[in-house]
Every structure is written in C-alpha cells, then in structure tokens.
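K.L.:
Plus 155 on top of the position in the sequence shown (first one is 1) and you've got our numbering.
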Amino acid sequence: MTALGLRRTDRDKPVISIDDPGLQVVVWSYDDAEAASTALARATHWNPDDPAVLRHHLALPGDVVDTARALLASDEWTLRPGGRGDDLSVSGLTPLVALRVQRLDALHCSQETSRMAGLAQRHGGETFGWDALQPGP
156 MTALGLRRTD
166 RDKPVISIDD
176 PGLQVVVWSY
186 DDAEAASTAL
196 ARATHWNPDD
206 PAVLRHHLAL
216 PGDVVDTARA
226 LLASDEWTLR
236 PGGRGDDLSV
246 SGLTPLVALR
256 VQRLDALHCS
266 QETSRMAGLA
276 QRHGGETFGW
286 DALQPGP
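1. Do Ala198 and Val219 count as a contact pair if the criterion is CB distance below 8 Å?
2. For the alpha helix (DSSP H) holding Gly273, just list the boundary residues, first then last.
3. Between Cys264 and Ala214, what straight-line distance do the alpha-carbon atoms span, to the nearest angstrom?
4. Please classify Val252: is it buried, with 16 or more other beta-carbons within 10 angstroms of its beta-carbon, or exposed?
5. Who are Asp286's beta bridge partners in DSSP?
6. Would you kindly work out how many angstroms separate the C-alpha atoms of Gly237 and Gln276, rounded to a whole number?
7. In angstroms with no decimal places, state the Cα-to-Cα distance between Trp183 and Leu234.
8. Quick one: residues in its chain with C-beta nearer than 6 Å to the C-beta of Gly279, no 5 flanking neighbours on either side, listed in chain order?
9. Using the C-alpha atoms, what's the distance from Thr249 back to Ala196?
10. If you drop the 5 nearest sequence neighbours on each side, which residues of the same chain put their C-beta closer than 6 Å to that of Arg163?
11. Starting from Leu254 and walking both ways along the beta strand (DSSP E), at which residues does that stretch end?
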C-alpha cells in the first residue's frame, strides 16, 4: 500500500484529483461520536472499490496554518481555506479543509479523524468532521 492507501492493482482504476469538478459528496460524518464504520455503512452512493477525496474540516488560528500545512504535506494532504468552519463562523480561527485522495475504509477514516483532532487540539483549533467525494454517475 502507498501513502494514499492504493494498491498496485488499483492502477487500472480511474485516477481522481482533489480538484476534479465532477466530484460529489458520497459519505460524511460531522458528529464526533459517530463511528466511521457507521457513516460508511449508511452511505448509499459510496463505492468502496474506488479512490475518494477524503476531506477533514477544521479551523486553526491564522498564525499556525503554515505549520499545519507543512505537517500535513508530508503525508500528501493539501490544506486549503474553506470547509464547514466557514459555515459555523468560528471566532478568531481560520476555516480550513484538509484533502487527500485515498481508498476509504473505517480504520483509515478513524485514524485520520484522530490525527486531525490532535493537530487541531495542539494548535488551539477545532475540528468539524469529515466527508468524502467520488465522481458522480
């Protein structure tokens, strides 16, 4: 497996990009108490055999955004402005979304959720859940 969670046999699958305009949200979990397995089990449009863009929504103080971006980039995450923190108007924090292409499964979603929560906590921020996108029909 690579850092993206893709195996050699996945090379025949369509390649997606975090910027693909045809992506649609196929699964989400915005409740900290909800298990990733529960979110994935209720997802009717998610295709577990195809890669997805996993997005974690968080907000951080502006002065730590570059530090967080560098930390996440080492594992092929892209950190951009926006996300659910924008909608929730978190005072004094910069709304962000961390994105990465990977195969989705409950274990990896849970691990990355814990990682994002730890990152936000260490830097005085907050997390707002995750969602995943795949190409629409």
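Virtual Cβ for every residue (Gly too), placed ideally from N, Cα, C.
P.N.:
Inspection of the coordinates gives the following:
1. As a working note, residue 219 is residue 64 in the sequence shown. As a working note, residue 198 is residue 43 in the sequence shown. No, the Cβ-Cβ distance between Val219 and Ala198 is not below 8 Å.
2. Taking the sequence shown and counting its residues from 1, one reaches residue 273 at position 118. Following the DSSP letters along the chain, one finds Gly273 inside the alpha helix (DSSP H) bounded by residues Ala261 to Arg277.
3. Within the sequence shown, residue 264 is the residue found at index 109, counting from 1. Within the sequence shown, residue 214 is the residue found at index 59, counting from 1. Answer to the nearest angstrom: the Cα atoms are 19 Å apart.
4. As a first step, residue 252 must be located in the sequence shown, where it is residue number 97. Label assigned to Val252: buried.
5. Taking the sequence shown and counting its residues from 1, the one referred to as residue 286 is at position 131. BP columns for Asp286 point to Trp183 and Arg210.
6. Looking up residue 237 in the sequence shown gives position 82. Looking up residue 276 in the sequence shown gives position 121. Cα-Cα distance, rounded: 19 Å.
7. For the purposes of this step, residue 183 is taken as the residue at position 28 of the sequence shown. For the purposes of this step, residue 234 is taken as the residue at position 79 of the sequence shown. Taking the straight line joining both Cα atoms gives about 18 Å.
8. Position 124 of the sequence shown holds residue 279. Here the set comprises Pro216.
9. The residue given as residue 196 occupies position 41 in the sequence shown. The residue given as residue 249 occupies position 94 in the sequence shown. Cα to Cα, the separation comes out at about 32 Å.
10. Against the sequence shown, residue 163 aligns to sequence position 8. With a pLDDT of 48 at Arg163, under the threshold of 50, the modelled position of that residue is not reliable, and the figure given next carries that caveat. Around Arg163: no qualifying Cβ.
11. Along the sequence shown, one-based indexing puts residue 254 at 99. Counting along the chain, the beta strand (DSSP E) containing Leu254 begins and ends at Thr249 to Gln257.
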